[in-house]
Structure formats: C-alpha cells, structure tokens
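Below: the structure, in structure tokens.
Numbering (our numbering), first residue to last: 11 to 219.
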C-alpha cells in the first residue's frame, strides 16, 4: 500500500476466506488452452483505505470470474500467448453490499508474441490491457472510475559464447497512466501514483561454467 503511516495496526483482524474453482484444458497441436471459473469469498479482507491513509478490514467481499489462456505455435520458433480475465469483485454484505471493490479492474488481458531464432536472438513483444477501476477508498462507488490503460513492452536477448545480453523497452508507446489513485478528503481532490514513462534497460551476463 502507498502510505506514510504505519501499515500495521493493532485493531486489524486477520483476513480469511474460501475459494472454489472449476477448470478445463485442451491441447490440439499447435494450439492449447485453459479455461477456469472461480469464486472467492473473503472475511475481514485487509486493504488500504485511500481516504484514511491506513489499512482497514473491509466488509465481507466476493470475487468471481473467468480466466482463459491460449497458446499457439505459429511456426517453428514463433509462439503466441493470449490471456483474458473477467473479475466481478463486490462487497457481499454490510453497508456497501453490492458495490464494486475499489482498484479491481473488471477486465484484464494480454497478448504476447515470442520469436526464438537461435543465433539471431530471442524477441518478445507483450501488450497488456487493464480496464477501469474504482478509486482507492471509494467503497460507496460515488467518485467515478480510474481510467484503464494499455501498454506495450519489448524485449530482446542475444547469446554470444558465454555472454548473454538483454535489452528491454518498457511502456514502449510512452502511455501516461496511473495504476493506483484515490481521493483525498483533506484537499477534496484526486491523487495519483503515475507509472514510469518509457524506460530502457540493458543487462549482460557472463557464464563462467
């Protein structure tokens, strides 16, 4: 959590809950996939309250949804992976019964393409999308939604003798977004923790054995 206050409080109760899941998978070359449905009920879930700037126990919550993944070998050395998650996250009892849980996106997805050409290196491109979310602390669902976002990351890896060099371009499209945001009752305005802008990283490894 993002807070300048102590994150542990003596009056917090331990969270506990139950989860049930049903899934299936298939494989028919060059495609394989997985599909699952789940429900998770939590009691005394611990979360950061953006209006109080402190961790609190939430009323009883429920997360239920579907998760799907597909892997596809496009051609030799080229693979694709797609994933999607639908999440319905709500309070199941108490003052906010039926309301959405803050900061939980209803829709998430990713698409990854990987090419491994041996002597020519390995390359990966990943697109990730996250849907709209309620602001931190907005248990009443009255403050609108934090905008979703889509990012693209690139990576290349090359091996020469005992050297391995890796280059990564994070947030390649330089999207400006905030994975976390809330509303401050002290200044009556929204606050945001923005993600990093486009970033480039290079690393090298030498294997002695």
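Ideal Cβ placement from N, Cα and C applies to all residues, glycine included.
Asked	Found
Where does residue 218 sit, in a helix, a strand or coil, going by DSSP?	coil
In chain order, what residues of the same chain have a beta carbon less than 6 Å from the beta carbon of residue 122, not counting five sequence neighbours either side?	91 and 136
Quick one: Cα of residue 125 to Cα of residue 177, how far?	15 Å
Below 6 Å CB to CB, which residues in the same chain sit around residue 74 once its five sequence neighbours on both sides are set aside?	49 and 98
Could you compute how far the alpha carbon of residue 85 sits from the alpha carbon of residue 156?	39 Å
What does DSSP give as the partner residue(s) for residue 135 in the beta ladder?	123 and 164
So for residue 11, helix, strand or coil by DSSP?	Unreliable positioning characterises residue 11 in this predicted model, as indicated by a pLDDT of 49, which lies under 50. The coordinate reading is nonetheless provided below. In the structure shown, residue 11 sits in coil (DSSP, three-state: anything other than H, G, I, E or B).
Do the segment 204–215 and the segment 65–80 touch if we need at least three Cβ pairs shorter than 8 Å?	no
Leaving aside the five residues before and after residue 139 along the sequence, list all residues of the same chain whose C-beta is less than 6 Å from its C-beta, in chain order.	119 and 160
Quick one: what's got a C-beta closer than 7 Å to residue 30's C-beta in the same chain, skipping five residues either side?	48 and 49
For residue 106, count neighbouring C-beta atoms within 10 Å of its own C-beta (all shown protein chains included) and say buried if the count is 16 or more, exposed if not.	buried
With respect to the beta strand (DSSP E) encompassing residue 177, which residues constitute its N-terminal and C-terminal limits?	173–180
Just the C-alpha distance for residue 44 and residue 196, rounded to the nearest angstrom, thanks.	46 Å
Run through DSSP, which three-state label would residue 196 get?	coil
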